Amino acid sequence: MGKKTKVVIDTNVMVSAFGWRGKPEEVVRLVTKGDVTNYTSFEMLAELREVVSYPKLNFPETLQAEIMETIFFESSLVHVNEPLNVIADDPEDNKVLECAVSADADFIISGDKHLLNLYS
Numbered sequence: 451m452g453k454k455t456k457v458v459i460d461t462n463v464m465v466s467a468f469g470w471r472g473k474p475e476e477v478v479r480l481v482t483k484g485d486v487t488n489y490t491s492f493e494m495l496a497e498l499r500e501v502v503s504y505p506k507l508n509f510p511e512t513l514q515a516e517i518m519e520t521i522f523f524e525s526s527l528v529h530v531n532e533p534l535n536v537i538a539d540d541p542e543d544n545k546v547l548e549c550a551v552s553a554d555a556d557f558i559i560s561g562d563k564h565l566l567n568l569y570s
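Adding 450 to a residue's 1-based position in the sequence shown gives its number in the working numbering.
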């Protein structure tokens, strides 16, 4: 068996996977099936915890707990080696890059325009 693809899934994709299904749900399913390895950091987990509790999402506490448990238990936790300052327009997005660099990830999966603009 070959090397598993290493990914970092951004918070916006995680929230969409549990709230609206579609492609984001398929991505998370690849992680839970063990087809790819997701990496996360303490900083990204803290952001996810904050976002899933936003009143506008109206996620029940049981769903919030399910999201956190799924990501915590199905992801590999990395310690961020060094802070990055690549995205000046939204410095909070740097935590995704920091995690990806620390994990030596193959891909970042995100719908965030600041991260997507790095690709183009």
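Ideal Cβ positions, reconstructed from N, Cα and C, are used throughout, including at glycine. Since we're looking at a predicted model, the values are computed, not measured.
ask   = For the candidate residues PHE557, TRP470 and ASP562, whose alpha-carbon lies nearest to that of LEU450?
value = As shown, the chain starts at 451 and ends at 570. That puts residue 450 outside it, with no answer to give.
key: Three-way DSSP call (helix, strand, coil) for SER525 in this model   = Here residue 525 refers to the residue found at position 75 when the sequence shown is read from its first residue. Of the three classes helix, strand and coil, the one that applies to SER525 here is strand, per DSSP.
request  = Assign SER503 to one of three DSSP states: helix, strand, or coil.
outcome  = Your numbering for residue 503 matches position 53 in the sequence shown. Coil at SER503, not helix or strand.
request  = Measure the Cβ-Cβ separation of VAL530 and SER560 and say whether it is below 7 Å.
outcome  = For the purposes of this step, residue 530 is taken as residue 80 along the sequence shown, with counting starting at 1. For the purposes of this step, residue 560 is taken as residue 110 along the sequence shown, with counting starting at 1. For VAL530 and SER560, no; Cβs fall outside 7 Å.
ask   = In terms of residue numbering, what span does the beta strand (DSSP E) encompassing PHE557 cover?
value = The count along the sequence shown starts at 1 and reaches residue 557 at position 107. Start and end: 557 to 559.
request  = Reducing DSSP to helix, strand and coil, say where LYS545 ends up.
outcome  = By one-based count along the sequence shown, residue 545 stands at place 95. Residue state, collapsed to three classes: helix.
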